[in-house]
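When we follow the UniProt record's numbering, the leftmost residue of the sequence shown carries the number 1, and every step to the right adds one. Worksheet for the structure shown next.
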Amino acid sequence: MANNLDTARNIPPGVWLIRKIRGKDWSLKTYRYMVLLITFIAYTSYHASRKPSSIVKSVLDPEPDKALNVYPWPIGSVFLKDEILGKNKYKSEYTGWEPFNGKGGTKKLGLIDVAFLACYSLGMYGAGHLGDTLDLRLFLSSGMIGSGIFAGLFGMGYFWNIHVFGFYLVMQMVAGLFQATGWPSVVAVIGNWFGKRKRGLIMGIWNAHTSVGNITGSLLAASVLEYGWGWSFIAPGMFIALAGVLVFLFLAPYPEDVGFPCPNVPAARAEAVPRDVESQAQSEGIVEKGKNAPIREVSGVRRSVGLLEACMIPGVLSFAFCLFFAKLVAYTFLYWLPFYLSQTEIGGEYMSVKSAGNLSTLFDVGGIVGGILAGHISDKLRARAITAASFMYAAIPSMLLYRIYGSFSQTMNIVLMMIAGLFINGPYALITTAVSADLGTHSSLRGDSRALATVTAIIDGTGSIGAALGPLLTGFLSTKGWNTVFVMLMLSALIAGLLLSCQVVAEINDKTSKLMRSTSGLQSSEGNAMNWLR
């Protein structure tokens with residue numbers, strides 16, 4: 001009876017209400033679709049709430065080169081050759097916001113970004129362990145509502161007429177800590193609901209929420225900017241807070257919470273769970289009252305693992321350090337590609353800052369394709385490390401070609417940029433999703449431990465340090481010429497691939513041994529057949 005009470009306690013209130021109204025439960029397939037949709041919306045809102053700072057910078061510190069990029073694509077034009085500064089009302093009518101519009105204002109804006117990323121990276125390690133220890137639904141929804149509150153408080157500085165730099169710095173630092181709750185939690189939820197067979201493809205498609213969130217955040221922040229820059233933070237803050245309420249009401253982080261067996265439980269442990277739970281729910285169609293639910297393990301009784309224990313899982317540190325360099329490359333393109341495009345002669349012309357920002361979004365388009373492709377290939381080959389390393393090695397010539405031939409014409413630049421985005425973002429997406437989920441359900445855990453969020457936090461937290469370091473190094477190296485920057489990026493991609501060498505060798509040996517066993521088995525069968533014929 002106590003077990004049934006624990007089970008009922010873990011059912012999301014929205015799901016419980018729908019069960020009561022419908023008089024029957026959903027199928028496992030429906031629950032999986034719902035989990036994909038809710039986590040997609042959740043992390044879309046996380047990325048949307050990070051975009052306002054990049055949109056509002058040109059208003060807080062209206063320098064000529066920033067004022068041109070107030071309205072990003074898809075609100076503004078896609079490609080522009082000329083822009084007249086006098087037509088920009090923010091430059092002609094607005095003088096900025098103290099303390100960001102004075103001497104050193106640009107450095108203060110940069111310091112806020114670095115502080116956010118630092119708190120995000122460090123917070124990831126603690127958030128992962130907490131995600132495996134606490135109820136994932138409550139933990140994720142609390143982090144989202146907290147992120148919304150502090151994003152809104154940053155915007156309220158406009159209405160409260162606050163001009164103290166420390167206020168905005170603290171708001172961003174606390175927001176970074178709350179933002180750290182997102183990625184380990186959503187990856188853990190997806191890993192709990194989906195087995196390894198098609199996890200790479202599913203997560204590759206699902207990972208498009210990053211680009212969708214960036215575009216949504218840009219649209220949302222820019223659409224309310226004319227009413228005051230504070231609304232550009234409040235509106236995305238409200239979006240992520242409302243998404244947090246949605247998570248609280250409807251997200252079931254574990255299949256066991258709604259009566260289905262976990263796909264990651266070993267066969268020996270799964271015997272205690274009726275394998276026809278889903279068929280019973282579909283055929284009977286009624287949630288019976290007063291009857292005992294199937295006896296199963298509730299998510300709340302699992303043991304969480306510590307950071308050191310999670311680091312000991314084979315492959316965790318290799319993929320974590322690989323992601324450090326992979327994210328260094330990816331985030332350097334993310335932050336510096338628009339500037340590079342505006343400073344580089346392409347087809348005999350220089351493009352405006354706004355045009356460069358719009359053109360750089362195509363790098364993300366290639367990244368979406370790369371994430372899906374890397375996930376699908378790794379599923380087919382059942383070799384995550386081989387796929388990730390191959391993509392990282394392929395990223396080296398793609399970046400070299402982009403640097404050499406990207407300036408020939410705009411068409412050539414777009415094609416080579418998308419190819420580079422495919423190979424750079426492909427392994428980054430694969431490691432942060434499918435690989436993290438695989439390692440978080442590693443066989444060494446024997447199915448009785450929670451490690452998904454912790455492993456995801458270790459891998460992505462380490463990667464986020466590289467994400468902060470890459471753009472910082474580029475700021476110094478770009479003064480020596482862009483060739484130096486590209487050499488740094490290509491060396492980073494090479495190191496990322498080499499760090500997976502042990503995992504690649506292990507996968508090759510595993511496949512070779514399986515091939516030899518199947519060949520010897522076939523020869524043995526042929527020998528027995530010949531003896532029988534004789």
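All residues carry an ideal CB built from backbone N, CA and C; glycine is no exception.
Next on the checklist: Can you give me the C-alpha to C-alpha distance between Glu271 and Phe250, rounded to a whole angstrom?
Outcome noted: Only weak support is given to the placement of Glu271: the predicted model assigns it a pLDDT of 45, under 50, and the value that follows is read from those uncertain coordinates. Those two C-alpha atoms are separated by around 28 Å.
Next on the checklist: Applying the 10 Å Cβ sphere with the 16-neighbour rule, what's the burial state of Thr474?
Outcome noted: buried
Checklist entry - Alpha carbon to alpha carbon, what distance is there between Val56 and Gly228? => result 10 Å
Item to check | Sequence ranges, alpha helix (DSSP H) only - wholly within the stretch 335-395, length at least 4 | outcome: 353-381
Next on the checklist: According to DSSP, is Cys262 part of a helix, a strand, or is it coil?
Outcome noted: coil
Next on the checklist: Here's the rule I'm using: 16 or more other beta-carbon atoms within 10 Å means buried, otherwise exposed. How should Gly123 be labelled?
Outcome noted: buried
Next on the checklist: Mapping the DSSP letters down to three states, classify Pro274 as helix, strand or coil.
Outcome noted: The pLDDT assigned to Pro274 is 42, lower than 50, so where the model puts this residue is not dependable; a value taken from the coordinates is nonetheless given after this. Pro274: coil per DSSP, three-state reduction.
Checklist entry - Since Val189 is in the alpha helix (DSSP H), which residue starts that stretch and which ends it? => result Gly182 to Trp193
Checklist entry - What does a CB cutoff of less than 7 Å around Ile38 pick up in its chain, not counting 5 residues either side in sequence? => result Leu246, Val247, Phe250 and Leu251
Item to check | Cβ distance (whole Å) where Gly259 is taken to contact Asp25 below 8 Å | outcome: 7 Å
Checklist entry - How would you call Leu17, buried or exposed, if buried means at least 16 neighbouring beta carbons within 10 angstroms? => result exposed
Item to check | Same chain, Cβ closer than 7 Å to Ser378, neighbours up to 5 away in sequence not counted | outcome: Gly200, Arg384, Thr387, Leu430 and Ala434
Item to check | Candidates Gly481, Ile495 and Ser360, of which the one nearest Tyr393 by Cα | outcome: Ile495
Next on the checklist: Taking only three categories from DSSP, how would you classify Gly481?
Outcome noted: coil
Item to check | Alpha carbon of Thr519 to alpha carbon of Lys380, nearest angstrom | outcome: 21 Å
Checklist entry - Taking buried to mean at least 16 other C-beta atoms within 10 Å of its own C-beta, is Glu345 buried or exposed? => result exposed
Checklist entry - Within this structure, are the beta carbons of Ala453 and Asp132 separated by less than 7 Å? => result yes
Item to check | Test item: CB-CB of Phe363 and Leu337 under 7 Å | outcome: yes
Next on the checklist: Do Thr210 and His47 count as a contact pair if the criterion is CB distance below 7 Å?
Outcome noted: yes
Next on the checklist: Under 8 Å, with one C-beta from each stretch per pair, do the stretch 475-491 and the stretch 406-420 reach the 3-pair mark?
Outcome noted: no
Checklist entry - Using a Cβ-Cβ cut-off of 6 Å (strictly less than) and excluding sequence neighbours within five positions of Ser45, which residues of its own chain qualify? => result Phe239, Ile240 and Ala243
Checklist entry - By DSSP, does Phe139 sit in helix, in strand, or in coil? => result helix
Next on the checklist: Beta-carbon within less than 8 Å of Tyr31's beta-carbon, same chain only, minus the 5 sequence neighbours each way: which residues are those?
Outcome noted: Trp193, Ala252, Pro255, Val258 and Phe260
Checklist entry - Straight-line CA distance for Gly14 to Lys20? => result 10 Å
Item to check | Given 8 Å, three or more beta-carbon pairs between the stretch 149-156 and the stretch 167-178 | outcome: yes
Item to check | C-beta atoms of Val329 and Leu439 nearer than 7 Å | outcome: no
Checklist entry - Nearest-angstrom Cα distance between Leu401 and Leu416? => result 7 Å
Checklist entry - What's the C-alpha gap between Gly371 and Thr479? => result 32 Å
Next on the checklist: Less than 7 Å between the C-beta atoms of Asn101 and Asp61, yes or no?
Outcome noted: yes
Checklist entry - What residue does the alpha helix (DSSP H) around Tyr33 start on, and which one ends it? => result Leu28 to Ala48
Checklist entry - From what residue to what residue does the alpha helix (DSSP H) around Thr411 run? => result Gln410 to Leu430
Item to check | Buried/exposed call for Thr432, threshold 16 Cβ in 10 Å | outcome: buried
Checklist entry - Hey, Val365 and Leu422: beta-carbon distance below 7 Å or not? => result no
Next on the checklist: What does the alpha-carbon distance come out to for the pair Gln503 and Ser318?
Outcome noted: 8 Å
Checklist entry - What separation, rounded to the nearest whole angstrom, lies between the Cα atoms of Phe391 and Gly466? => result 18 Å
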